[in-house]
Every structure is written in structure tokens, then in C-alpha cells.
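Report on the following structure.
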Amino acid sequence: MKRQSVLFVRSMWVVILFTTLAACKDTDNRVFGDDFDFPALTDENTIRFTVNVVGDWRQLDIVASGGRMVIDWGNGRIQKIEDPSSMNGGVRYKYGNKGVYEVRIWAEELQLIDISGLLLPLSNLYLGNMPRMKSLALNSISDTRELDLNTFCPNVESINIGSFADLEHLEIEDCFRLRSIHVYSNPKLASMEFGNHPEVRSLYCFYNGFSSLSLKNLPALRDIDLSFNEVLSHLELNENTSISAILIQGCAFQSITDILKCCPSLRELSCSYNKLTELDLSDHPNISELRCEHNQLIRLMVPQGSLLGYLYCHSNQLDENALNALFDSLGQVPEPAIYYPAPPRQYRISFNDNPGADDCNRNILNDKNWIIENK
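Letter by letter, the sequence shown follows residues -22 to -1, 1 to 353 in mature numbering (1 follows the signal peptide of the UniProt record, and there is no 0).
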């Protein structure tokens, strides 16, 4: 009887063990996260890139929202996320070992994604189909020479493409819904073709390799920052634009007369560190901020009675007569009122390091209550 009991117990253990093994066989332990079905991950429906885990920092963060997401982390683990926007700080994954991992992200339902290699080296980025994508941010990725947004995210409204060491081509001509363009710190990106983008209001494309740009297909532009494109010397605009701010410091412009003619509503101009010899803003009554230092200016004109929050024209070739003429055209700053509870707005000018700086009539500025700065 005792022997039969032992055999029975052993038989039960065999059954339990077999059942457990069968259950494990039916469950894919590689897949974790939320419970939903997803399509097979292919080159056509995924974003793909390489992660190089070489140091002590082994965590990869991906910010996303707008739909479900599946991530193959490249080490045999696949994570399913029903609502990535609910994860504070984004989706975080920490690799256990150093190595090279090929990551794939199913992003067909997403409306926003932010991928950065700032902390963990990323390379070899390829895009897949993202028809619902509205906001795309990709930063600090190497060994990627081309990005085609026309094909893979044609409905995107905002792009942030920065610090691609090897990016040479960026295709956005057919992204007709674009409103905001940030493309920066891509030293090998020498040109960009703009299609018809009627809703783009801001264009920030600094620290690239542009030599010439045409912005004629961006009729709604308000703000332009093309600073530190060191060989940029030609810029085409529509006539009578509504552009209010142009930042082109650190470029190679010898003249911006044609640019200014297209911008009658200009309020802010930063054109320092170029090769300008003349700058005439007398037809721009709304100008309120001007930085034109470190050029070769021998002549600078502003509208009569101008009050600029700052006017920095130091380090040029302005002689005594040119500086006095400039001072005469500036407006009278009101005397501060004793009873006024808030300090009055201040208007500042710098003109040192010009041939006429020592002999010009500073009393003109003092009498008009301008603040003189030495830069």
C-alpha cells in the first residue's frame, strides 16, 4: 500500500512537470508588456537602428505617443506598449551586457516619437512606414546618410532632425502638412529642397553645410534661423513676406539687400559675423533688435527716430561721420518717471572697435538717454 502511494505521488509530479513544460512551450517568454496582437516586424513597418552599448551607461529611452508600439530591443526581448504616453519619461530599457544591438520599432500607429543617441551611441537609422506620424524627433545618430520623410511619414507636421554626423540628404518635399522645421548640426547636409509647405511658420536650420537656400515655397514663414552655416551666401525669399525675424549670424553673406527688400515687416535681424560692407534698414520702421557686429560695415542706416532694444554694431569699419549719422537717426528715449512703478525699457548700443569709436560724438547718445555698452 505504501509503495502504491509513492508511485502515485511520483506519477502526479510527472504530470505536473509535463503540464508546466507544455505551458512554457506555448508561452513566448521573449515577449513582455501589454496584451495585444501585432503584425510581423518587417523592414517596411519598423524604424530600425543600431545601439552600441560600450560604457557604463546602458539605458535607452524612447519617447512616443499617439498609438500602440512594439519594440524589439535586439537581444531577444520584445516589448509591447499599449499607451507609450502613459510612461513617465518615455519607454526605458536597460541592457544587461555590453554589445551591439539591432533595434526595431513598430511605429505605424504612432503620432509622435523621439529617439536620441546623446547618451547611448546610435547609428544606421532606417525609417519604416509611419502614416500617422505628426511629430518626429531624431537626434545624435551616426552612419546615416539619407532620410526620406516623403515616403515614410508624409503627414508629419513637425520635424526635429539634429546632430547627424553623416547626413547628406533629407527628403521633405512631399510633406505638405509641415508647420515647423528644425534641422540643425548636420555638417554634411549641404542642401535641402522645399516643396509646397503653405503652413510652415518657423524654420530653424543652423549649423549645417548650406551654401544656398530657396524659401520661396514657404509663404507663411515668420521666423528664420540659418545661423552658422559657414558657407551660406545666397538666400531666396518671396516678395513682401511676413517674416519678422531673420538670424543669419556666422554665415558668408556679402550683401543682404535683396533679402531685406522681401521683409518689410522685419522686427529682428541678427547678421553678425558675415562679410557685409553696407546695411540699410531705413525702410524697415518696425526694426527693434539689431545685431550686426563683426562685419566690415562702412555704412549703417536705421529709420529716423528708431528705438531699438539693442543695437550692436561694434567691430566694424564705421568711421566718425558714419557713427555720428547713426546716432542722429536714433530716437529719444523718454526720461524715467519718478512715479512710474516699473523701470522704463532700456535701449542699448555698442560701437567700440570701429575706426571712429574714439572721436565720435557720444553726447548725442547721452542726450537721448541711450545706454552705451562695450562689447
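Where is the CB? At the ideal position from N, CA and C, for every residue including glycine.
Contact under 7 Å by Cβ, Leu254 with Leu278 | Pairing Leu254 with Leu278 gives a Cβ-Cβ distance that is not under 7 Å.
Inter-residue CB distance, His175 and Leu196 (contact presumed, cutoff 8 Å) | About 5 Å separates the two Cβ atoms, so the contact holds.
Could you give the uninterrupted runs of the beta strand (DSSP E) lying entirely in the region 152 to 237, keeping only those of 3 residues or more?
-> Within the region 152 to 237, the runs of beta strand (DSSP E) at least 3 residues long that lie entirely inside it are, in chain order, 158 to 162, 180 to 182, 190 to 192, 201 to 203, 212 to 214, 223 to 225.
For Phe329, which three-state DSSP category applies?
-> Residue state for Phe329 is assigned as coil, using DSSP reduced to three classes.
Taking 7 Å as the cut-off, decide whether the C-beta atoms of Asn294 and Asn264 are in contact.
-> The beta carbons of Asn294 and Asn264 sit no closer together than 7 Å.
Supposed close pair residue 356, Asn252 - CB separation, criterion 8 Å | As displayed, the chain neither begins before -22 nor continues past 353, which places residue 356 out of reach and without an answer.
Just the C-alpha distance for Asn66 and Glu246, rounded to the nearest angstrom, thanks.
-> If you take the alpha carbons of Asn66 and Glu246, they lie about 38 Å apart.
Which one or two residues does DSSP pair with Gly11 in a beta bridge?
-> Per DSSP, the beta bridge partners of Gly11 are Lys58.
For Gly52, which residues of its own chain have a beta-carbon under 7 Å away from its beta-carbon, when the five flanking residues on both sides are left out?
-> Sequence-distant Cβ neighbours of Gly52 in its own chain, meaning closer than 7 Å and more than five residues away, are Val29, Tyr79, Glu80, Val81.
Under the three-state reduction of DSSP, which class applies to Asn273: helix, strand or coil?
-> Three-state DSSP puts Asn273 in coil, outside helix and strand.
Cβ-based neighbour list, Arg110, same chain, cut-off 8 Å, excluding 5 preceding and 5 following | Within the same chain, Gly44, Gly45, Glu86, Glu87, Leu88, Gln89, Asn133 come within 8 Å of Arg110 by CB-CB distance, once the 5 residues on both sides are set aside.
Can you tell me whether DSSP reads Phe142 as helix, strand or coil?
-> Reduced to three states, the DSSP call for Phe142 is strand.
Which class does Ser293 belong to by DSSP, given the choice of helix, strand or coil?
-> When DSSP states are grouped into helix, strand and coil, Ser293 belongs to the coil group.
State the start and end residues of the unbroken beta strand (DSSP E) segment that holds Phe305.
-> Looking at the DSSP string, Phe305 is not in any beta strand (DSSP E); the run it does join, the alpha helix (DSSP H), is 298 to 307.
Identify every residue that forms a DSSP beta bridge with Trp84.
-> Answer by DSSP bridge pairing, in chain order: Thr24, Val48.
May I ask you to verify whether the region 57 to 71 touches the region 120 to 132, counting CB pairs closer than 8 Å and requiring at least 3?
-> With the cut-off at 8 Å, the region 57 to 71 and the region 120 to 132 do not touch.
Who are the near neighbours of Glu214 in its chain, counting only those whose CB is closer than 6 Å to its CB and skipping five residues on each side?
-> Within the same chain, Glu214 has close Cβ partners Ser192, Lys194.
CA-to-CA distance, Val69 to Val41, given in whole angstroms = One Cα belongs to Val41, the other to Val69, and the distance between them is close to 6 Å.
Just curious, the beta strand (DSSP E) that Arg119 is in, first and last residue?
-> Sequence check: residue 119 is Ile here, not Arg. Start and end: 113 to 120.
Assuming residue 370 contacts Phe130 (C-beta within less than 8 Å), just tell me the rounded distance between them.
-> Because the chain in this structure spans residues -22 to 353, residue 370 falls outside the shown range and cannot be described.
Is the beta carbon of Leu225 less than 7 Å from the beta carbon of Asp258?
-> Cβ distance not < 7 Å, so Leu225 and Asp258 don't count as in contact.
What does a CB cutoff of less than 7 Å around Ala198 pick up in its chain, not counting 5 residues either side in sequence?
-> Cβ-Cβ distances below 7 Å link Ala198 to Pro176, Glu177, Val178, Arg179 in the same chain, with the five nearest sequence neighbours on each side left out; the list follows chain order.
What does Asn30 pair with, by DSSP beta-bridge criteria?
-> BP columns for Asn30 point to Val78.
Anyone know if the C-beta pair for Glu184 and Tyr162 falls short of 7 Å?
-> Going by the sequence as given, residue 184 is Phe instead of Glu. Tyr162 sits close to Phe184, with the two beta carbons spaced by under 7 Å.
Buried or exposed: Leu96, going by 16 or more other Cβ atoms within 10 Å of its Cβ?
-> By the neighbour-count rule (16 or more Cβ atoms within 10 Å), Leu96 is not buried but exposed.
Three-state class that DSSP yields for residue 356 in the structure shown | The displayed coordinates of the chain run from -22 to 353. Any statement about residue 356 would go beyond what the structure contains.
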